[in-house]
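In the working numbering, the protein residues as written are 69 to 241.
For each residue, glycine too, the CB sits at the ideal point set by N, CA and C.
Below: the structure, in structure tokens.
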């Protein structure tokens with residue numbers, strides 16, 4: 069039987085999970101997998117007293133539930149999460165099982181991220197930050213760009229179009 073994974077191996081796996089989750093092109097998938105990855109590692113690797121505290125990322129519930137790598141794909145708990153709560157398994161075995169399962173599920177997550185990038189759609193409005201500048205005064209609304217006033221361009225210089233009849237400057241007589 070091999071030894072339990074080291075702290076460095078867990079940190080490397082955690083960084084790989086976060087990097088893979090960050091590589092999703094879709095905003096909703098990206099934020100979901102980032103949150104689930106953090107919650108999964110937090111619930112399996114932190115002491116029980118710290119893991120049950122509210123996650124700063126998950127605002128949906130007051131408590132972080134025990135997550136396993138396979139719950140990244142489906143929210144239904146599997147045998148790993150129920151078997152780890154039994155007292156028959158040592159911490160070393162539980163960590164080793166978690167590490168191996170997480171490594172396998174990381175490859176699934178990488179394939180999903182690759183597929184998501186291949187078929188990416190348009191960016192959401194929330195992903196395109198624009199500088200909003202207040203303009204005008206007395207009830208004028210904020211606009212993107214300068215002071216909120218229209219800018220004269222060659223196409224919108226205002227006034228009548230120039231005449232091309234050759235009578236420049238001469239008025240009617």
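Straight-line gap, residue i to residue j (C-alpha atoms, nearest Å)
{"i": "residue 84", "j": "residue 198", "result": "31 Å"}
{"i": "residue 98", "j": "residue 232", "result": "58 Å"}
{"i": "residue 162", "j": "residue 79", "result": "17 Å"}
{"i": "residue 81", "j": "residue 191", "result": "29 Å"}
{"i": "residue 93", "j": "residue 165", "result": "30 Å"}
{"i": "residue 113", "j": "residue 70", "result": "19 Å"}
{"i": "residue 186", "j": "residue 157", "result": "42 Å"}
{"i": "residue 172", "j": "residue 178", "result": "10 Å"}
{"i": "residue 189", "j": "residue 118", "result": "39 Å"}
{"i": "residue 103", "j": "residue 90", "result": "11 Å"}
{"i": "residue 176", "j": "residue 107", "result": "18 Å"}
{"i": "residue 193", "j": "residue 174", "result": "29 Å"}
{"i": "residue 327", "j": "residue 77", "result": "Here the chain comprises residues numbered 69 to 241, so residue 327 is not present and cannot be evaluated."}
Cβ-based burial, residue i [other Cβ within 10 Å; buried from 16]
{"i": "residue 116", "result": "exposed"}
{"i": "residue 259", "result": "The requested residue 259 is not part of the displayed model; the chain covers only 69 to 241."}
{"i": "residue 167", "result": "buried"}
{"i": "residue 122", "result": "Model confidence at residue 122 stands at a pLDDT of 48, short of 50, so the residue's coordinates are unreliable; what they give is reported in the following sentence. By the neighbour-count rule (16 or more Cβ atoms within 10 Å), residue 122 is not buried but exposed."}
Expected contact under 8 Å - CB spacing of residue i and residue j to nearest Å
{"i": "residue 254", "j": "residue 86", "result": "This structure cannot settle anything about residue 254, because the visible part of the chain is limited to 69 through 241."}
{"i": "residue 88", "j": "residue 181", "result": "5 Å"}
Best match in the options for proximity to residue i [C-alpha to C-alpha]
{"i": "residue 73", "options": "192, 89, 101 and 160", "result": "160"}
{"i": "residue 75", "options": "176, 96, 95 and 109", "result": "109"}
{"i": "residue 196", "options": "100, 77, 95 and 91", "result": "95"}
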